[in-house]
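**Q** In this note's numbering, the protein residues as written are 1 to 435.
We put the CB at the ideal spot given by N, CA and C, even for glycine.
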Amino acid sequence: MTRRRRVLVIAYYFPPMGLSGVQRVAKFVRYLPDHGWHPTVLTVTPGAYFAYDPTLLAEVETAGVEVVRTASWDPTRLFGGGTTVALPDERKRRWWAALNHMVFVPDNKVGWWPHAVRAGRRLLRRGAFAAVFSSAPPYTAHLVGASLARWAGLPLLTDFRDDWLGNPRHVYPTPLHRRLHARLERRVLAQSRYVLTINDPIREALQRRAGAAGGRADVRVVPQGYDPADFDVPPVPRPPDRLRLVYSGIFYDAQTPDPFLRAMALLRERRPEVRSRLEAVFVGLVPAASQALAGQLGLTDAVQWAGYLPHREAVRQLLAADVLWMTVGRRPGAEGISTSKLFEYFGARKPILALVPAGAAREALRRHGAAVVVEPDDVPAIAGALGHLFDRWQTGTLPAPDRAYVERFDRRHLAGELAALLAEAATTAGGQRPA
Numbered sequence: 001m002t003r004r005r006r007v008l009v010i011a012y013y014f015p016p017m018g019l020s021g022v023q024r025v026a027k028f029v030r031y032l033p034d035h036g037w038h039p040t041v042l043t044v045t046p047g048a049y050f051a052y053d054p055t056l057l058a059e060v061e062t063a064g065v066e067v068v069r070t071a072s073w074d075p076t077r078l079f080g081g082g083t084t085v086a087l088p089d090e091r092k093r094r095w096w097a098a099l100n101h102m103v104f105v106p107d108n109k110v111g112w113w114p115h116a117v118r119a120g121r122r123l124l125r126r127g128a129f130a131a132v133f134s135s136a137p138p139y140t141a142h143l144v145g146a147s148l149a150r151w152a153g154l155p156l157l158t159d160f161r162d163d164w165l166g167n168p169r170h171v172y173p174t175p176l177h178r179r180l181h182a183r184l185e186r187r188v189l190a191q192s193r194y195v196l197t198i199n200d201p202i203r204e205a206l207q208r209r210a211g212a213a214g215g216r217a218d219v220r221v222v223p224q225g226y227d228p229a230d231f232d233v234p235p236v237p238r239p240p241d242r243l244r245l246v247y248s249g250i251f252y253d254a255q256t257p258d259p260f261l262r263a264m265a266l267l268r269e270r271r272p273e274v275r276s277r278l279e280a281v282f283v284g285l286v287p288a289a290s291q292a293l294a295g296q297l298g299l300t301d302a303v304q305w306a307g308y309l310p311h312r313e314a315v316r317q318l319l320a321a322d323v324l325w326m327t328v329g330r331r332p333g334a335e336g337i338s339t340s341k342l343f344e345y346f347g348a349r350k351p352i353l354a355l356v357p358a359g360a361a362r363e364a365l366r367r368h369g370a371a372v373v374v375e376p377d378d379v380p381a382i383a384g385a386l387g388h389l390f391d392r393w394q395t396g397t398l399p400a401p402d403r404a405y406v407e408r409f410d411r412r413h414l415a416g417e418l419a420a421l422l423a424e425a426a427t428t429a430g431g432q433r434p435a
């Protein structure tokens, strides 16, 4: 039997933390052993966070993945470890983000860096690792990965779930802040053997900047995905006489449910026969202001707020839907957004109502084959799309996705793609630094 090679995985967001940011790394490390790699995860001891899901941690532990946790000096420690905090309203969120962008570079997790580097060196001394893999955001994780890979003489693979310097949600308070971020990103790109990201727009931007950084990084797309094992569960029970739309995830910034809610109300006004036969279920964290808007629009009888659910239960909600819906909102840089939610929806194999502008997400939806795509802020068009889907549901003609296309995003296959890049990087690199 071939001996598995070891990879040190650096990830701040990791189970039992919940939400979509943990899924990619959690699934990579679950399936890397099937492709000849034994991952050790270096992460943080959980602090205050918006949601926890112990079932995700149990899944990783069942796969035999070693997880090493450290302390961190970052603002979430002010709230106390391991507690769940409420999602702030949009005004407070913007204020908090602006303060963090002013004070911390590259992000407010930079206080994790000394703890993670110290623990990482202990791990690297203890065992023979073949590579270091870091995933961001937060971009502090890439600084940790670069420090450890350089110290140990190991190849570095960096995973950009979002763009760094080109991230449209990142505000640079001064030119100095932008220069500091650019310098840190150049160092990471110059040291990386492979750079992974989730879609072509981000790949193209990173490849340009990697070339300018003077390194030899090869930027590859390893997209988001879904795990078929997660969908081997029964749907939640529900009455069959209503068209049910389900949204799973959180809302923030321009990503808001308000246009969808207004469209529901408009359709019910235009077509009274729809009133008792259309419902929307929200799984996840929804701003209080949007919940209040639903009441003001008279949608109390048509909307259910399920709250944050463990991943397994969230999947059961997806499987009970007739149609899934999503939005990325209208914002600068939206062409580079291909949210992880989209690919989880692919795994449910349901029709999708997508409120997205032109870009990577829209192209993936086009190839999915069972999506109705509408501009994210066009309320009359959204209402029209809802009416169209209602009519097709009534006649039993809702579209089915392209099976072959959907299966390309199986997490097991994507872990194999990462394993191949790790093997290539390890084969062409030198050995580990002696203890």
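For Gln394, which three-state DSSP category applies?
**A** DSSP places Gln394 in helix when its eight states are reduced to three.
**Q** Starting from the N-terminal side, write out each stretch of the alpha helix (DSSP H) that is 4 residues or longer and does not extend beyond the region 329 to 357.
**A** 340 to 348, all fully within the region 329 to 357.
**Q** Return the chain-ordered ranges of every beta strand (DSSP E) run that is complete within the region 158 to 199 and spans a minimum of 3 residues.
**A** Complete beta strand (DSSP E) runs here, min 3: 192 to 197.
**Q** Indicate whether the contact test is met: 3 or more Cβ pairs, each with one atom in the region 103 to 112 and one in the region 126 to 146, closer than 8 Å.
**A** The region 103 to 112 vs the region 126 to 146: in contact.
**Q** How is the alpha helix (DSSP H) around Val144 delimited, first residue to last?
**A** Val144 -> alpha helix (DSSP H) spans 140 to 152.
**Q** Whole angstroms is fine: what's the gap from Val281's alpha carbon to Asp258's?
**A** Each residue's Cα considered, the two are about 14 Å apart.
**Q** Does the separation of the CB atoms of Leu156 and Leu8 fall below 8 Å?
**A** No.
**Q** Under the three-state reduction of DSSP, which class applies to Ser20: helix, strand or coil?
**A** Correct three-state label for Ser20: helix.
**Q** Taking buried to mean at least 16 other C-beta atoms within 10 Å of its own C-beta, is Met1 buried or exposed?
**A** Below a pLDDT of 50, predicted positions are generally treated as unreliable, and Met1, at 42, falls in that range; the measurement from the model is reported next regardless. So Met1 ends up on the exposed side.
**Q** Report back the beta-carbon spacing between Asp322 and Leu243 to the nearest angstrom; my notes put them in contact at under 8 Å.
**A** The Cβ separation is near 5 Å, so the contact holds.
**Q** Please list, in chain order, all residues of the same chain as Ala294 whose beta carbon is under 6 Å from its beta carbon, the five residues on each side excluded.
**A** So the qualifying residues of the chain are Leu261, Val303.
**Q** Any chance the region 28 to 45 sits against the region 408 to 415, with 3 or more Cβ pairs inside 8 Å?
**A** Yes: at least three Cβ pairs fall under 8 Å.
**Q** Along the chain, where does the alpha helix (DSSP H) containing Leu32 start, and where does it finish?
**A** Element bounds for Leu32: n/a, residue is neither H nor E.
**Q** On the CB-based measure, 16 or more other CB atoms within 10 Å of its CB, does Met17 come out buried or exposed?
**A** With 16 or more other Cβ atoms within 10 Å, it is buried.
**Q** Bridge partners for Thr70 per DSSP, in chain order?
**A** Bridge partners of Thr70: Val44.
**Q** From the DSSP output, which residues share a beta bridge with Pro226?
**A** The sequence as given places Tyr at residue 226; Pro does not occur at that position. Asp410.
**Q** Who are the near neighbours of Ala11 in its chain, counting only those whose CB is closer than 7 Å to its CB and skipping five residues on each side?
**A** Once the five neighbours on either side are set aside, the close Cβ partners of Ala11 are Val25, Val41, Thr43, Ser135, Ala141.
**Q** Tell me whether the region 325 to 339 and the region 351 to 369 touch, counting them as touching only if at least three CB pairs, one residue from each stretch, are closer than 8 Å.
**A** The region 325 to 339 is in contact with the region 351 to 369.
**Q** Spatial neighbours of Ala146 within its chain, please: CB distance less than 7 Å, with the 5 preceding and 5 following residues excluded, ordered by chain position.
**A** Hits under 7 Å: Leu156, Arg187, Val188, Gln191.
**Q** Going by the CB atoms, is the gap between Ala263 and Ala383 shorter than 8 Å?
**A** For Ala383 and Ala263, yes; Cβs fall inside 8 Å.
**Q** With hydrogens ignored, establish whether the beta-carbon of Ser147 is closer than 7 Å to any heavy atom of the ligand PLP.
**A** Of ligands this structure carries none, so the ligand PLP is not represented either.
**Q** Where do the ends of the alpha helix (DSSP H) carrying Asp258 lie?
**A** Note, Asp258: alpha helix (DSSP H), 258 to 270.
**Q** Should the region 396 to 405 be called in touch with the region 269 to 278, which here means at least 3 C-beta pairs below 8 Å?
**A** Contact fails: fewer than three Cβ-Cβ distances are below 8 Å.
**Q** Rounded to whole angstroms, what's the CA-CA distance from Asp378 to Pro168? Just pull it up for me.
**A** Rounded to the nearest angstrom, the two C-alpha atoms are 22 Å apart.
**Q** Ala320 to Arg91, Cα distance in whole Å?
**A** The alpha-carbon atoms of Ala320 and Arg91 are separated by roughly 34 Å.
**Q** Anyone know if the C-beta pair for Leu206 and Val195 falls short of 8 Å?
**A** Yes, these two residues count as a Cβ contact at 8 Å.
**Q** Quick test of your reading: Ala364 and Ser340, contact by CB under 8 Å. State the CB separation rounded to the nearest angstrom.
**A** At roughly 12 Å, the Cβ-Cβ gap does not stay under 8 Å, so Ala364 and Ser340 are not in contact.
**Q** Give the DSSP-derived three-state secondary structure of Ile382 in the structure shown.
**A** Note: Ile382 maps to helix in three-state DSSP.
**Q** Could you check the C-alpha separation between Val110 and Gln291 for me, to the nearest Å?
**A** Cα to Cα, the separation comes out at about 35 Å.
**Q** Buried or exposed: where does Val47 fall if 16 or more other Cβ atoms within 10 Å of its Cβ makes it buried?
**A** In the sequence as displayed, the identity of residue 47 is Gly instead of Val. Counting Cβ neighbours within 10 Å, Gly47 comes out buried, since at least 16 surround it.
**Q** With a cut-off of 8 Å, does the C-beta of Gln255 fall near any C-beta of chain D?
**A** Looking for chain D here will not work: only one protein chain is present.
**Q** Could you check the C-alpha separation between Phe160 and Thr197 for me, to the nearest Å?
**A** Distance between the alpha carbons of Phe160 and Thr197: 5 Å.
**Q** What residue from Val283, Asp163, Arg208, Asn199 has the CA that sits closest to Phe251's CA?
**A** Of the listed residues, the one whose Cα sits closest to Phe251 is Val283.
**Q** Thinking Ala130 and Arg216 are a contact (beta carbons under 8 Å), I'd like their distance in whole angstroms, please.
**A** That belief does not hold up - the Cβ atoms of Ala130 and Arg216 are roughly 18 Å apart, past 8 Å.
**Q** Buried or exposed: Gly214, going by 16 or more other Cβ atoms within 10 Å of its Cβ?
**A** Label assigned to Gly214: exposed.
**Q** Which word fits Ala419, buried or exposed, when buried means at least 16 other C-beta atoms lie within 10 angstroms of its C-beta?
**A** Counting Cβ neighbours within 10 Å, Ala419 comes out buried, since at least 16 surround it.
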